[in-house]
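In our numbering, the protein residues as written are 1232 to 1446. One structure is given below, encoded as C-alpha cells.
Take a look at the structure:
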C-alpha cells in the first residue's frame, strides 16, 4: 500500500511537471511540443483555451486508436480521459500564472524558458512511463502506430505528423505561424535523448500492480 501511494505521488508529480513544462514552451513562443502546437493553433479557430483544445485533440486520439484496433476497457477510457482533462486544465492554469506574473520578451530569456520547458517535460515523461499504468490518449495512439509499423521510430514520425499537419493547415489558412518553431524541432530531436539521461538518475521501484499491468 505504501509503494502504491508513493507511486501515485510520483504520477501526480509527472503530470504536473509535464503541464508546467508545456506552459514554459508555450510562453517562450519559440515552438512547442507537437500536440501543444496543434492546440495553440486550434485556439484561433475554436472558442476554447489551449488546454481545452489539447483535451479535444486527445479525445480524437482515443477515437483513432480505437479504429486502429487498440483494446480499451471502460475503466481505461474513463481514467485516461480524466487524466487528459486534468492535464489540459493544468496547462491552462500554468499559462494563466505565467501571463499574470512574467512573460519573457528578450530572446535570451525565451530560449532559457524553452530549455527549462524541454527538461521539465523530459523529467515528467521519465517519471510518467515508470510510475503510470494509465496513459494519455496520444500515448495510446503512439503505441498503435508503433505496432502498425512494427517500428516505433516510424510510428512516432507518423503519430507526430498528425498534430503537425493540423498546425500547418491552420497556419496556411491564417497565414500566421503559431506554436511551430525551433522548440518544436528541438523537442522532436532531443526529447528521447533527454529522457534517456534522466532515466539514469531517476529510478522508481515498480509496484506489484504495475508488474501485473506490464505483463
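All C-beta atoms, glycine included, are put in the ideal place defined by N, C-alpha and C.
Residue burial classification, residue i (beta-carbon count within 10 angstroms, cutoff 16)
i	result
residue 1384	exposed
residue 1278	exposed
residue 1315	buried
residue 1262	buried
residue 1400	exposed
residue 1289	buried
residue 1266	buried
residue 1271	buried
residue 1436	exposed
residue 1292	buried
residue 1332	exposed
residue 1408	exposed
residue 1396	exposed
residue 1371	buried
residue 1239	exposed
residue 1232	For residue 1232, the predicted structure reports a pLDDT of 48, less than 50, and the residue's modelled location is therefore unreliable. A value from the coordinates is still provided. It is exposed - the Cβ of residue 1232 has fewer than 16 other Cβ atoms within 10 Å.
residue 1404	exposed
residue 1421	exposed
N- and C-terminal bounds of the alpha helix (DSSP H) containing residue i
i	result
residue 1309	1305-1332
residue 1429	1413-1432
residue 1302	Looking at the DSSP string, residue 1302 is not in any alpha helix (DSSP H), and its letter there is neither H nor E.
residue 1345	1338-1362
residue 1272	1265-1273
residue 1407	Looking at the DSSP string, residue 1407 is not in any alpha helix (DSSP H), and its letter there is neither H nor E.
residue 1367	Where residue 1367 is concerned, there is no enclosing alpha helix (DSSP H), given that its DSSP letter is neither H nor E.
Candidates the options: closest to residue i by CA position
i	options	result
residue 1426	1270, 1349 and 1368	1349
residue 1357	1388, 1424 and 1409	1424
residue 1392	1381, 1407, 1376 and 1405	1376
residue 1284	1310, 1319, 1302 and 1407	1319
residue 1251	1354, 1387, 1390 and 1409	1354
residue 1360	1253, 1269 and 1429	1429
residue 1243	1286, 1347, 1317 and 1390	1317
residue 1390	1346, 1368 and 1238	1368
residue 1245	1388, 1411 and 1352	1352
residue 1378	1301, 1269 and 1346	1301
residue 1330	1237, 1254 and 1411	1254
residue 1410	1264, 1321 and 1248	1264
residue 1365	1388, 1405, 1313 and 1403	1313
Proximity test, Cβ basis, 8 Å: residue i and chain B
i	result
residue 1262	Given the protein chain composition of this structure (a single chain), no chain B is represented.
Would you call the stretch 1252-1260 and the stretch 1315-1331 in contact, with 3 or more CB pairs under 8 Å? Counting C-beta pairs closer than 8 Å gives three or more between the stretch 1252-1260 and the stretch 1315-1331, which meets the contact rule.
Any contact of the stretch 1413-1423 with the stretch 1270-1277, i.e. 3+ C-beta pairs under 8 Å? No, the stretch 1413-1423 is not in contact with the stretch 1270-1277.
Touch test, the stretch 1337-1344 against the stretch 1296-1309, Cβ-Cβ under 8 Å, three pairs minimum: No: fewer than three Cβ pairs fall under 8 Å.
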